[in-house]
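If you read the sequence shown in the numbering used here, its first letter stands for residue 590, the second for the next number, and so on. So the structure is just underneath, and the comments pick up after that.
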Amino acid sequence: MNKNPLERLFEVNTDAEIWWDSSPLIYQGWAAEMVKKAPDQQKAKIWQEQFERMYNPDHPERGLFRGVTTNPPLSLKAIKANEPYWENFVENLVKENPGIDKEKLFWLTYKEIVKRGAQMYQKVFEDSGYKYGYLSGQLDPRVRNDVDTMVAQAEELHSLNPNVMIKVPGTKEGYEVIRILTSKGIPTNNTLAFMIPQFLAAANAVKKGLEEAKANGVDLSQWRSVITAMSARYGTLGDLKKEAEERNIELTESDIRWAEISIFKKAYRLIKEGGYPSKMLLCSMRVSPIINGKPHCWHLEKIAGADIVYTCPPPFIEKLMFEYEDIEFKPDAIYEDPPKDVLDKLLRIPYFERGYMEDGYTPDEFNTHSALVATAIEFSNATQGMIDFVAKHLN
């Protein structure tokens, strides 16, 4: 059997999970397009078989993908992938809801995208005894500092299907929301998170919420927690390069990858050693760096063997399959330390040093972290894109 890179990654630690980082609604269309792009007929046949092993709508419980992450840009892509259908859907909503405004119309449409995606993984959820098969539906990024609104949205999204996990932002207020939702037995995914202080804030919020849930006899059989590290976004959207230039520190592409990977390795160790019930999730991965003309994927190679979730968007999978299909993994790579000289250089940059330290930022400072703000703006713009799409159908 010809196995693709993600299948081989899973083999080095079968407690790890590979998730689909996009709406499940687009998977079959994307897979069909990938097969068309295959360099020859033999490769097309191999890829077709691989894609069916990753997710088969007739038997999703047998697939490689054990869960799903979505966000506003990915939900907008789901609309764009089948625009005539969603145009008709929105028109019907307008007819059924006289006087509806664009915000409510957006929310109803967004909920439908989340619900349908979750239903596609319901069989995975049930057959695994509620261990796998969660779909992460994100709260509106525009309300990331409003606890009450986020909790209300979370309860509404989770009520759509029992396997809807709530993506909660890594703001000061977001960690209070994670505590509240955990106390109610609602599964959570901490997003907009980039650094050690945030990951520990999430882990401790979950811990406190669980204590409350258990004290109140809350059913936790369909609950779980993951903590997302938005890896490449930390290295490219924040102030890492800016602060390095200000100090005349030259950063290579490899150094930037090591900054992201070093933080993740430490987070993994702290969560494991602390006995926290949350599982780390790695997203925002890149086929990078290029060394001697050959592409590498250090986000996978240097973290292979970890008991984590790797969530993979279509463009990332495509680059792996076209550019680095022969990637190999070591089962103990996660435990290998970063190079000391690189780590020492990175620790001279406050942006990295503070993100690497357990107490490098206060919760109040989370909200203004440059990578968080940049990502929140991008996600808010995508949310506005969905609002603009539905608003066209209002008189």
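Each residue gets a CB set at the ideal place from its N, CA and C atoms; glycine is no exception. None of these values were measured; they are calculated from a predicted model.
Query: Less than 8 Å between the CB atoms is what I'm expecting for residue 848 and residue 935, so what's the real figure, rounded?; Result: 5 Å
Query: Any idea if residue 957 is buried or exposed, counting beta-carbon neighbours within 10 angstroms, 16 or more meaning buried?; Result: exposed
Query: Just tell me which of 924, 840, 907 and 826 has its CA closest to the CA of residue 856.; Result: 924
Query: Just mark residue 669 as buried or exposed, buried being the case when its beta carbon has 16 or more other beta carbons within 10 Å.; Result: exposed
Query: What is the residue span of the beta strand (DSSP E) that residue 756 lies within?; Result: 753 to 758
Query: If I follow the unbroken beta strand (DSSP E) through residue 975, where does it start and stop?; Result: Segment 959 to 980 is the alpha helix (DSSP H) holding residue 975; no beta strand (DSSP E) there.
Query: Counting only the same chain and skipping the five closest in sequence on each side, list residues whose C-beta sits under 7 Å from that of residue 667.; Result: 612, 614, 615 and 702
Query: Any idea what DSSP makes of residue 592, helix, strand or coil?; Result: coil
Query: Within a Cβ cutoff of 8 Å, which residues of the same chain sit near residue 735, ignoring the five residues on either side of it in sequence?; Result: 762
Query: Leaving out the 5 sequence neighbours to the left and right, which residues in its chain are closer than 7 Å to residue 884 when beta-carbon positions are compared?; Result: 876, 912 and 913
Query: Can you name the start and end residues of the alpha helix (DSSP H) that residue 857 belongs to?; Result: 842 to 862
Query: By the three-class DSSP mapping on this structure, what secondary structure does residue 603 have?; Result: coil
Query: I need the DSSP call for residue 681, collapsed to helix, strand or coil.; Result: helix
Query: Nearest CA to the CA of residue 767: which residue from 751, 654 and 800?; Result: 800
Query: If we count Cβ pairs, one from each stretch, closer than 8 Å, do we get three or more for the region 966 to 975 versus the region 678 to 687?; Result: no
Query: With DSSP as the reference, identify every bridge partner of residue 727, one or two as the case may be.; Result: 756
Query: Indicate the three-state DSSP secondary structure (helix, strand or coil) for residue 884 in the structure shown.; Result: strand
Query: Hey, would you say residue 783 sits closer than 8 Å to residue 895, going by beta carbons?; Result: no
Query: Just tell me which of 814, 637, 610 and 842 has its CA closest to the CA of residue 590.; Result: 637
Query: Applying the 10 Å Cβ sphere with the 16-neighbour rule, what's the burial state of residue 629?; Result: exposed
Query: Of all the options 631, 626, 634 and 652, which has the alpha carbon lying nearest to the alpha carbon of residue 596?; Result: 652
Query: Among all the DSSP beta bridges, which residues are the ones paired with residue 657?; Result: 609 and 724
Query: Quick one: what's got a C-beta closer than 7 Å to residue 730's C-beta in the same chain, skipping five residues either side?; Result: 661, 758, 965, 968, 969 and 972
Query: May I ask you to report which of helix, strand or coil DSSP gives residue 900?; Result: strand
Query: Measuring CA to CA, which of 771, 839, 860 and 815 is closest to residue 803?; Result: 771
Query: Is the distance from the Cβ of residue 746 to the Cβ of residue 700 below 8 Å?; Result: yes
Query: Is it right to say residue 870 is buried, meaning 16 or more other beta carbons lie within 10 angstroms of its own, or is it exposed?; Result: buried
Query: How far does the beta strand (DSSP E) with residue 818 in it reach, from first residue to last?; Result: 814 to 819
Query: My understanding is that residue 753 touches residue 789, with C-beta atoms under 8 Å, so please give their C-beta distance in whole angstroms.; Result: Between residue 789 and residue 753 the Cβ distance is about 26 Å, and since that is not below 8 Å, they are no contact.
Query: Am I right that residue 898 and residue 600 are in contact with their C-beta atoms under 8 Å? What's the rounded C-beta distance?; Result: So it is not a contact: roughly 16 Å between Cβ atoms.
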